[in-house]
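To start, the structure itself, in structure tokens.
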Amino acid sequence: MNPGTGGAVATAGLELATPPVKPSSLFRRSLRLWRTRIGVALVLILVLLAIFGPYLAPHSPDAFIGAPNSSPGGKAVLGTDYLGQDVLSRFLYGGRSILFMAIIATGIGLIAGVAIGLIAAYSRNAVDDVLMRGMDVIMAFPQIMLALVAVTVIGAHAWVIVAAIALTTAPRVARVTRGTAQPVVERDFVAATEAMGVPRWRILTGELLPNILGPLMVESSLRLTYSIGVIAALAFLGLSPNPNSANWGTMINENEIALSVQPWGVVIPVIALAALTMGTGLMGDGIARTAAGIDRARGEE
Amino acid sequence: MTDVSRRQFFTGAAGVAVLGGLAAACGSSSSGSSPSTSASVAAGTPKAGGNFRLGVTGGGSKDILDGQNIITKPDQARLVTAFETLLEYDENYQLQETGLAQHVTQDNPKQYTIQLRQGIEFQNGKTLTADDVIYSLQRIGTKGNGLTGFAATATMDIKNVKKMDKYTVRLPLLSADSTIPDTLAGYTFGIVPVGYKAFPHAQVGTGAYKLKSFTPGQQSVHTRNPNYWRGGGQPWFDQVTIIDFNSATAQANALFGGQLDAITDLPASQVKVAQGHGQKALISKTGGWLPLCMAIDMPPFDDVKVRQAMRLIVDRPAMIEQVASGYGFVGNDLYAPFDAGYDHSLPQRHQDIDQAKSLLKAAGKEGLTVDLHTTNGAAGMVETATIFAQQAKAAGVTVNLHNDPNYYGSQYLKLAFSVDFWGTRNYLSQVQQGSLPNSPYNETHWPPKSGTGSNFGSLYSQALAATDSSKRIEITQEMQKLEYDIGGYIIPFFGDLIDGYASNVHGLEPSKGTLNLDSFGHGYRTIWFA
Amino acid sequence: MNWLRGGGIAGFIVRRLLLAVVVLFLVSVLVFASTQALGNPARAILGRNATPASLAALSAQLHLGQPFVTQYWDWLKGLLHGNLGISLAAQQPVTKVISARLVNSAALVVLSGAISIPLSIAIGSWAALRREKLFDTASSTLLLVLAALPEFVVAVVLVILLSTTVFHWLPAISPIPPGSRPWDHGKALILPTATLVIAVAPYVARVMRASMIEVLESDYVEMARLKGLPERTVLIRHALPNALGPVFQVIAINLAYLAGGIVVVEYVFNYTGIGSALQDAVINHDIPLVQALAMIIAAVYVVLNLLADVATILVTPRLRTRL
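Written as structure tokens, this is what we have:
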């Protein structure tokens, strides 16, 4: 898991070849690849689990149902955790907050990053320089480091974690957006629209945005992957919003020490997190491959 | 080496330290033998040699090395390598005259005499004399030095400590204080030579190991003091290495992987794992406690009914089971369980949700919501808060948890409801630390300023002044009754101190004291490699 | 900034250098301003043992409460002279506190880079050449799985597997004792390095593969082949240098990531580096130490990016002609 590199992976893939494609058809086309299908399936399963899990849980996530770290059996199908709470129930409750936080953080980062990237690409002057240098400054701080400082200074509140991740996501998105939007800006139709007196924000949202949606889809799935990773890593370092909230990252942190006695408290959330990040990763990879035309021959058969 | 009869005599008055011919205190002694003897008898003949590697969590770049001060837990582990106290506690938390002082006698309620053992040399060859003791006490008693023990010197007439002869010191008091021997046995009352300064200055004590190197937040190396005064082959190790750890898991892994010989605070859940790896767990029944602290002058806890309700919400046995995997004993909202005056006659509190609900109703606080602050300051603090929050639901009380890494920052002692940690102490010493208006760590803002309980402070002074132990116990029990009825502490249980060590380490005995690993192997001198 | 355009490779490098200086200046402003938000260090340092007496003593020692707006210039001046201030928690010069840790972390990063970069370039290139064959499919799937695993999971699994539970081959922790160097403890470096290699290699390999495929399909590789050059020469002389261009960027970002993100790995292995120092400094509100570490990590990022930009230009003939 490497939260610092996603932009680069996507950028490198995208700068090489970005034929303008309609996003809906791009996604449909990418679904012809097995990796995209597996990715989508994994993400769907985990999202459904996160949403409906709490309704399936046999116990309350913080009920004391047996001796701490007891093995599977009896009331606890997957055994109990470090406080004698049901591992299965905590697992079923534990996806929501992490997924929720990751999606919100990535969403904010995406919106901000796209806005900044588009403005920079469109303005092509000092504004571009200033904006992108500003992005460079933020990017100079690794995601986890910025989040660590923010959480310790302000406190381990959910909004702090979300804000820190959004802040570090934005510049990486902005870079990709600017990179892919710039060639589009150079094309004739933008100049033509401008000449017709269409307002700038209209051009930005109406003309530029649809043209770069494909690459953005790739970027958002990758960004989501890293957001999940950073939240989990923070929880592992003991920095999660609520000390006893059921959260996959926190579960790993809490139960890691008893791993050799009662592995389920760690193994299950690890598998879920890995499957989730793998799912978003596979999805992004599939879309990127389709977009980059790497698998065009196969995809257009 | 010690006057055994005198020591037994001394031991009889647990923590009340009646000295100087007060025959009333002479009682049965459950721990007649000296700690060093009992330790060596326990596990065969000690062997010399080896590098003892100890892993300790809780440190960082703020680690210090000072014979009379600590900030972090590794500081404790390092302090005892080189510094010793005038009096000592044994495994049962009974005061013993096994330290640097031959006798400490109370001449009258307001004066003590310290008689030093002769022929003890500091690590640099200088002989220990009365001047060093005077310097040591005055160093702690100087406010500007900011040492941990300063508050405990409040009753000492620190400027007028007087040298009677080369080995005798007279300690006058400003007001009567029978806890002076307890104070002198505290590990932050280490005796340092005249002119001593904290690291990075040279570290010279009377202890078993000399400092070789120290890098805060990383590790320290201590080498054997060949000239150690106790003799008899002690200390056994050639070298002691103390390593800082950030992560308890890394620390446990290092023990299991054989990179360490001992670690502090093995998580209760790891006891079986350690045994599975061929290592041992040292389980010490200590008087350590993790209280939930209610500030009695802040809403909603300014209403005594709310405090009483909160105390009835706790399912104490379940909490021991969950927080400590069963390693501990039930508490009764009173501290100092090993004190001779601990009031065992007060009825044990049990969970009583109905009663709690009706108390809350009477207080007009049904469906109460409170914020509970906690931190990873000591093992179990976050868990205690977590489980209390869960148990409180039954009484309709919503507890919002705040796990704050900067808990001991600006908000500490100003919170209405928080979790804290304490080690073993005797009753009056503990009161002095945490339950008086001028205590340095008064989390509950005890005692009440008016009404019932406002006489707590004067009771404390009376107890300090009482030279008769039964009289003193009588007064302290009156104090305990007040805290039991209307105090701000919820003390669910006393947790065992669990440390891990490799199977080839010998000489460690369970101890009731504050410090880990049998008071860190009595300054690493009573433990050895087989 | 048009006056800066043009000038060929030299001009490009000068431009990049100036840009890097501007970014570093902005970073320093940001670091200084934001770290002032950290709370009272005296409290944070003394923690549970803070008594009114000790607090007053330490606060006096730390000279707290001076105005900080003017301090920025003093700080910057010190920074430029290599004077990073005094660590509040350790009461020692920051340089003394972190110099050994800096060497340790750098050694870990360099070692991980030296292993992961050639390894991932080889895997990526080979996968590109064997596109859609068994090696490609197998390696890209495996890399995706490894890339998805959080570092702490990799580290924990390695420890269980190789040091504590299954086998006892390697040390579970890797503290570097003061006074010694990381390379004196070769065995202790294996697990942290392996964790970082697993964290970084998949990304570089994936980009290398994509880049290599792109280049292999390009006209000039086709041209080289048509000219009848041996395949070996085509690959090594023509394809590889061009494919490496975008990879340099990724390598730079990955190494920079390692410089900051080693926090987790250093925590798991109790490694004595700047990652654990940062965690410690933040908890203690040790402002000078946080500032110094943030500046160092940011500078590493800026410098590596600069190097990557220059390397990309130098290695990619297509781009060179564009200047």
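Chains as they are written, first to last, in my numbering: chain V, 1 to 301; chain E, 302 to 831; chain G, 832 to 1154. Even glycine gets a Cβ: it sits at the ideal position worked out from N, Cα and C.
Contact list for residue i against chain G, beta-carbon separation under 9 Å
| i | result |
| --- | --- |
| Ile203 of chain V | Correct list: empty, because the minimum Cβ distance to chain G is about 24 Å. |
Proximity of residue i and residue j at Cβ, strictly below 8 Å
| i | j | result |
| --- | --- | --- |
| Phe718 of chain E | Phe602 of chain E | yes |
| Lys813 of chain E | Phe639 of chain E | yes |
| Pro592 of chain E | Ile799 of chain E | no |
| Ala235 of chain V | Gly249 of chain V | yes |
| Val43 of chain V | Gly279 of chain V | yes |
| Leu1135 of chain G | Leu1086 of chain G | yes |
| Val1096 of chain G | Ala986 of chain G | yes |
| Thr168 of chain V | Leu148 of chain V | no |
| Asn727 of chain E | Ser736 of chain E | no |
| Gly678 of chain E | Phe795 of chain E | no |
| Val1099 of chain G | Ser548 of chain E | yes |
| Arg1037 of chain G | Gly955 of chain G | yes |
| Ile544 of chain E | Gln520 of chain E | yes |
Min CB distance residue i to chain E below 8 Å
| i | result |
| --- | --- |
| Gly944 of chain G | no |
| Asp1111 of chain G | yes |
| His804 of chain G | Shown here, chain G extends from 832 to 1154; a query on residue 804 of chain G therefore has no answer. |
| Asp62 of chain V | yes |
| Gly79 of chain V | no |
Proximal residues of chain G, C-beta to C-beta of residue i below 7 Å
| i | result |
| --- | --- |
| Glu194 of chain V | What Glu194 of chain V touches in chain G: nothing, since even the nearest Cβ is about 22 Å away. |
| Thr507 of chain E | Chain G residues near Thr507 of chain E: none, gap ~24 Å exceeds 7 Å. |
| Asp136 of chain V | Val854 |
| Met278 of chain V | Leu975, Val976, Ala979 |
Per-residue contacts from residue i into chain V (C-beta, under 7 Å)
| i | result |
| --- | --- |
| Ser759 of chain E | The premise fails here: Ser759 of chain E is roughly 41 Å from chain V at the closest Cβ pair, so nothing lies under 7 Å. |
| Thr1143 of chain G | Within chain V, no residue comes near Thr1143 of chain G; the closest Cβ sits about 11 Å away, beyond 7 Å. |
| Val574 of chain E | Ser260, Val261 |
Proximal chain E residues relative to residue i, where beta-carbon distance stays under 8 Å
| i | result |
| --- | --- |
| Ile257 of chain V | Ala549, Thr550, Ala553, Pro568, Ser570, Gln571 |
| Leu1024 of chain G | The sequence given here places Thr at residue 1024 of chain G; Leu does not occur at that position. Those do not exist, as Thr1024 of chain G stays about 16 Å from chain E at its closest Cβ, beyond 8 Å. |
| Val995 of chain G | The sequence given here places Thr at residue 995 of chain G; Val does not occur at that position. Those are Asn554, Phe557, Gly558, His578, listed as they occur along chain E. |
Closer than 8 Å to chain V by CB, residue i
| i | result |
| --- | --- |
| Phe983 of chain G | yes |
| Ile1004 of chain G | no |
| Asn817 of chain E | no |
| Leu512 of chain E | no |
| Asn704 of chain E | yes |
| Tyr1132 of chain G | yes |
DSSP beta-bridge partners of residue i
| i | result |
| --- | --- |
| Ser514 of chain E | E:Val522 |
| Trp590 of chain E | E:Trp723, E:Phe795 |
| Met283 of chain V | In the DSSP output, where bridge partners are listed per residue, Met283 of chain V has none listed. |
Beta carbon proximity, residue i to chain G, threshold 8 Å
| i | result |
| --- | --- |
| Lys363 of chain E | yes |
| Ala246 of chain V | no |
| Gly845 of chain E | A question about residue 845 of chain E goes unanswered here, because the residues of chain E that appear run from 302 up to 831. |
| Met145 of chain V | yes |
| Leu282 of chain V | yes |
| Gly518 of chain E | yes |
Chain-ordered neighbours of residue i on chain E, where CB pairs are closer than 7 Å
| i | result |
| --- | --- |
| Ala150 of chain V | Going along chain E, no residue has its Cβ under 7 Å from Ala150 of chain V, so there is no contact; the nearest lies around 12 Å. |
| Gly155 of chain V | Asp705 |
Contacts that residue i makes with chain E (C-beta to C-beta distance below 9 Å)
| i | result |
| --- | --- |
| Leu83 of chain V | Gln623, Val624, Glu684, Thr687, Ile688, Gln691 |
Neighbouring residues, chain V, relative to residue i (Cβ below 8 Å)
| i | result |
| --- | --- |
| Asp721 of chain E | Chain V residues near Asp721 of chain E: none, gap ~16 Å exceeds 8 Å. |
| Ala1036 of chain G | The contacting residues do not exist; Ala1036 of chain G stays about 11 Å from chain V at best. |
Contact list for residue i against chain G, beta-carbon separation under 8 Å
| i | result |
| --- | --- |
| Gly74 of chain V | Per Cβ cutoff of 8 Å: no residues; Gly74 of chain V is ~26 Å from chain G at best. |
Could you run through the segment 163-175 of chain V and flag, in chain order, every residue whose CB is less than 9 Å away from some CB of chain E?
none
Please identify, using Cβ separations under 8 Å, the residues of the segment 441-470 of chain E that lie next to chain G, in order along the chain.
Lys444, Gly445, Asn446, Gly447, Leu448, Thr449, Phe451, Ala452
At a CB distance below 8 Å, what residues from the segment 1077-1101 of chain G approach chain V? Give them in sequence order.
Pro1077, Val1078, Gln1080, Val1081, Ile1084, Asn1085, Ala1087, Tyr1088, Ala1090, Gly1091, Gly1092, Val1094, Val1095, Tyr1098
Where the segment 21-47 of chain V meets chain G: residues whose CB sits under 7 Å from a CB there
none
Please identify, using Cβ separations under 9 Å, the residues of the segment 87-106 of chain V that lie next to chain E, in order along the chain.
none
Give the residues from the segment 535-549 of chain E that approach chain G closer than 7 Å (Cβ to any Cβ), ordered along the chain.
Ile544, Phe546, Asn547, Ser548
Using a Cβ cut-off of 9 Å, which residues of the segment 910-923 of chain G contact any Cβ in chain E, in chain order?
Ser918, Leu919, Ala920, Ala921, Gln922, Gln923
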